[in-house]
Amino acid sequence: MASAAQVLASSDLVQALVGFQSGVLECDTPVTRLAHAAPRSIPHLRDFLVQDFQPIFDPWLRTHGYSGLKRIVSTTSIRPALLAYAASVGNLPLLQVLLRTPSLDPTTSSSVLMDIAATQGHDHIVAFLHAQPGQMATTAAMNGAAANGHLEIVQFLHAHRSEGCTTDAMDDAAGAGHLHVVQWLGHIGDARCTMRALDAAAARGHIRIVQFLLEEVGMYCSPTALVTAACAGHDAVVRVLWAQILDKEAARTAALRQASQAGFNHAAQMLAATCM
């Protein structure tokens with residue numbers, strides 16, 4: 001009787017038995033609840049996975065291991081969220097296990113995976129996903145990689161994928177100060193930027209990017225660029241911008257008016273002193 005009682009009291013036996021029943025084990029509930037709440041957009045999803053999901057999932061995985069992972073994937077529909085997490089943190093073994101494990105949710109391909117892996121700079125995940133038949137991506141992959149300075153991934157996607165990028169790639173790279181990315185994008189024929197690139201680079205004092213955009217890309221200085229650079233105290237950037245302006249009187253008047261209307265008196269004073 002004692003041996004029978006020990007068998008019936010075995011936690012492993014209980015988990016094996018309930019594995020054939022519907023529902024989620026209590027120990028798995030925190031993970032499944034969070035996974036179902038995962039946002040869909042890349043910026044919000046990335047923050048959610050790091051700030052909210054990872055502190056719960058990593059300890060759970062250390063406790064329950066891949067056997068627990070296979071149980072939770074085979075009995076729920078949370079595999080897409082787990083795949084996104086694996087791609088986001090660059091965990092290739094986890095990603096591979098998830099792709100091989102049968103699930104209630106048959107989804108094994110999603111543009112989110114390559115988009116978020118590229119944005120986070122996980123080149124090994126990007127290369128692995130690219131080699132898998134049916135794995136998709138969007139322009140968010142190259143845009144995100146560029147914005148975060150991951151030039152090697154930008155180049156890989158440009159060489160091997162057809163999705164390309166939007167003006168956000170160069171605009172965001174300029175604003176973040178990634179000169180090497182801006183230069184490379186500026187030299188390929190199918191990448192473009194908007195005035196947001198110059199305005200953001202000027203506002204943040206990225207003088208070499210400002211010079212590149214003016215001299216190599218051929219952008220024209222806007223009053224906004226002058227004002228934002230002056231507001232941030234980047235007088236060297238203001239001088240670079242001012243040197244490239246042809247109609248200086250019109251630009252000076254527009255910038256001073258814009259600064260004054262916005263209440264940026266210190267910027268107006270700098271512009272009045274510098275733009276002579």
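Under UniProt numbering, the first residue of the sequence shown carries the number 1, and numbering increases by one thereafter.
Cβ atoms here follow ideal geometry from the backbone N, Cα and C, with glycine treated the same way.
Bear in mind that the values here come from a model prediction, so they are computed numbers and not experimental data.
The three-state reading of DSSP puts residue 125 in helix, counting H, G and I together.
Looking at 227, 233, 211, 228, the one whose alpha-carbon comes closest to that of residue 243 is 211. Take residue 109, set aside five residues on each side of it, and the residues of its chain with a beta-carbon closer than 7 Å to its own are 134, 135, 136, in chain order. Contact check for residue 97 and residue 69: beta-carbon distance about 7 Å, within the 8 Å limit, so the pair qualifies. Collapsing the DSSP output to three states places residue 80 in a helix.
Taking the Cβ atoms as the reference, residue 87 lies roughly 13 Å from residue 38, outside the contact range of under 8 Å. Burial check for residue 28: the Cβ neighbour count within 10 Å reaches 16 or more, so the residue is buried.
Distance from the Cα of residue 120 is smallest, within the candidate group 144, 83, 174, for 144.
About 7 Å separates the beta carbon of residue 95 from that of residue 125, a gap short enough to meet the 8 Å contact definition. Boundaries of the alpha helix (DSSP H) harbouring residue 115: 111-120, taken from the DSSP string.
The alpha-carbon separation between residue 216 and residue 204 amounts to approximately 20 Å.
Between residue 147 and residue 172, the beta carbon gap of about 4 Å places them in contact (Cβ cut-off 8 Å). By the CB criterion at 7 Å, residue 129 and residue 142 fall outside the cutoff. Secondary structure at residue 67: helix, using DSSP grouped into helix, strand and coil.
Under the three-state reduction of DSSP output, residue 138 falls in the coil class, being neither helix nor strand.
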